[in-house]
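Asker:
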């Protein structure tokens, strides 16, 4: 028998105003242990902000210039990749790694230097569930 969404949905919805800062959204999500919150302007819904949105914004804010940046989602059914070894095999050097675990999977930001960014992206694509964003240092 099909279960209506209304029987499993969250009824006490936490929201955020459209003009609030992303840090506030992250704080609310952590405090209420939710992965997304509706964004309101007055009484109207204008969008939704997710963990991935916040992680992506952090990715751009923290990105060192002159480095390749890759944002990806790990596969929960596989062991955590050895990112340093993957970088070495692609003739790149990993400079930073930031991971955030959630029930939906682990989001990871990786920064690396080197000329072989295509090889790095190819290796990462084989090792994780999804590569969400790639910024090459020369772009």
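Numbering (this note's numbering), first residue to last: 79 to 217.
C-beta atoms are modelled at their ideal positions from N, C-alpha and C, and glycine is treated no differently.
Under the DSSP definition of a beta bridge, which residues are partnered with residue 126?
Answerer: Bridge partners of residue 126: 116.
Asker: In its own chain, which residues sit with a C-beta less than 7 Å from the C-beta of residue 199, not counting the 5 before and 5 after it?
Answerer: Closer than 7 Å at Cβ, skipping near neighbours: 148, 209 and 212.
Asker: Please state whether DSSP places residue 169 in a helix, a strand or coil.
Answerer: Coil, per DSSP.
Asker: Let me check understanding here. Comparing Cα to Cα, which of 181, 116, 188 and 166 lies closest to residue 140?
Answerer: The residue with the shortest Cα to Cα distance from residue 140 is 188.
Asker: Let me know the alpha helix (DSSP H) ranges lying completely inside the region 156-208, each 4 residues or longer, listed in chain order.
Answerer: The region 156-208 contains these whole alpha helix (DSSP H) runs: 161-167 and 195-205.
Asker: Indicate whether the contact test is met: 3 or more Cβ pairs, each with one atom in the region 112-125 and one in the region 146-166, closer than 8 Å.
Answerer: No contact exists between the region 112-125 and the region 146-166.
Asker: Quick test of the definition: if touching needs 3 or more C-beta pairs under 8 Å, does the region 95-114 touch the region 163-177?
Answerer: Taking 8 Å as the limit for Cβ pairs, the verdict is that the region 163-177 does not touch the region 95-114.
Asker: Residue 95 bridges to which residues according to DSSP?
Answerer: Its beta-bridge partners are 118.
Asker: So what's residue 86 in DSSP terms, helix, strand or just coil?
Answerer: Correct three-state label for residue 86: coil.
Asker: Skipping 5 residues on each side, what residues in its chain have a beta carbon closer than 8 Å to that of residue 95?
Answerer: Around residue 95: 117, 118 and 119.
Asker: What residue range is occupied by the uninterrupted alpha helix (DSSP H) comprising residue 101?
Answerer: 100-110 is the extent of the alpha helix (DSSP H) around residue 101.
Asker: So is residue 202 buried or exposed if we call it buried at 16+ other beta carbons inside 10 Å?
Answerer: Classification of residue 202: buried, given that the 10 Å Cβ count is 16 or more.
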